[in-house]
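Asks:
In this note's numbering, the protein residues as written are 173 to 355.
(1) Please state the DSSP three-state secondary structure of residue 201.
(2) Quick one: which unbroken beta strand (DSSP E) runs of 3-plus residues sit fully inside the region 285-322? Chain order, please.
(3) Counting Cβ pairs, one atom from each stretch, are 3 or more of them under 8 Å apart for the region 198-218 and the region 260-268?
(4) Compute the Euclidean distance between the alpha carbons of residue 322 and residue 251, then round it to the nearest angstrom.
(5) For residue 243, does the count of other Cβ atoms within 10 angstroms reach 16, so buried, or fall short, so exposed?
(6) Would you identify the three-state DSSP class for residue 212, choosing helix, strand or coil?
(7) So what does residue 269 bridge to, in DSSP terms?
(8) Please state whether DSSP places residue 190 in a helix, a strand or coil.
(9) Using alpha carbons as the reference points, say which of 281, 267, 330 and 350 lies closest to residue 308.
(10) Return the chain-ordered list of same chain residues with a C-beta closer than 7 Å to the C-beta of residue 331, the five sequence neighbours on each side being excluded.
(11) I think residue 314 touches residue 192, with their Cβ atoms under 8 Å apart; what is that distance to the nearest whole Å?
(12) Nearest CA to the CA of residue 235: which residue from 227, 228, 245 and 226?
(13) Helix, strand or coil, according to DSSP, for residue 256 in the structure here?
(14) Along the beta strand (DSSP E) that carries residue 222, what are the first and last residues, could you check?
(15) Thinking residue 329 and residue 221 are a contact (beta carbons under 8 Å), I'd like their distance in whole angstroms, please.
Structure representation (structure tokens):
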């Protein structure tokens, strides 16, 4: 029994990293206040989903789909739902997972103590491990309403259906020129 606790402690230190910050996992999409999701986003309600594609691809997709010629691509993209005109703005958001990697530092400290040397590095490795997670946050507004994703907005369901379809089309399309020939 005496040897079990040190063995478990050693196994824990060898196996794990201590998470410092964990990015949210979104299975389909999430409706939330922008500021609550990431500092720097607007206070309005936003439609958020994980973006598995490289940075800039959503910009290219929107620019191609709506034929914007790089003009107001991420600020005021016009669209219609049920004979109502809306605009959306989107934000490409990056949130990093950060975890503290204890093994290299502890191993080097134990080896230095055992060998009587000072600050030799036997195992190199980063002390902080980072993993990038990308998200797309979309806000919707009209000339009459500032926040069309707010839970009290009457046409919210129709707008959400449009955004879900837009997300699905973006994630399944690889050549963005294909969207010009649909419908």
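Beta carbons are placed, not taken as given, at the ideal position from N, Cα and C, and that holds for glycine.
Replies: On the basis of the coordinates in this document:
(1) Within the chain shown, residue 201 is the residue found at index 29, counting from 1. In this structure, residue 201 counts as coil in the three-state DSSP scheme.
(2) 300-313
(3) yes
(4) Start at 1 with the first residue of the chain shown, and residue 322 comes out as number 150. Start at 1 with the first residue of the chain shown, and residue 251 comes out as number 79. Rounded to the nearest angstrom, the two C-alpha atoms are 18 Å apart.
(5) Sequence index remark: in the chain shown, residue 243 carries index 71 (1-based). That one is exposed.
(6) What you label residue 212 is simply residue 40 of the chain shown in a count that begins at 1. Residue 212: coil per DSSP, three-state reduction.
(7) The residue you call residue 269 lines up with position 97 of the chain shown. Paired residues: 303.
(8) In the chain shown, residue 190 corresponds to position 18, counting from 1. Strand, per DSSP.
(9) Numbered from its first residue, the chain shown carries residue 308 at position 136. Taking only the C-alpha atoms, the option nearest residue 308 is 267.
(10) The residue labelled residue 331 in the question sits at position 159 within the chain shown. Correct list, in chain order: 253, 258, 312, 320 and 321.
(11) By one-based count along the chain shown, residue 314 stands at place 142. By one-based count along the chain shown, residue 192 stands at place 20. Contact doesn't hold; Cβ gap of about 41 Å is too wide.
(12) What you label residue 235 is simply residue 63 of the chain shown in a count that begins at 1. Per the Cα distances, 245.
(13) In the chain shown, the residue the question calls residue 256 occupies position 84. Strand.
(14) In the chain shown, the residue the question calls residue 222 occupies position 50. Per DSSP, residue 222 belongs to the beta strand (DSSP E) from 217-222.
(15) Indexing the chain shown from 1 puts residue 329 at position 157. Indexing the chain shown from 1 puts residue 221 at position 49. Not a contact, Cβ separation roughly 17 Å.
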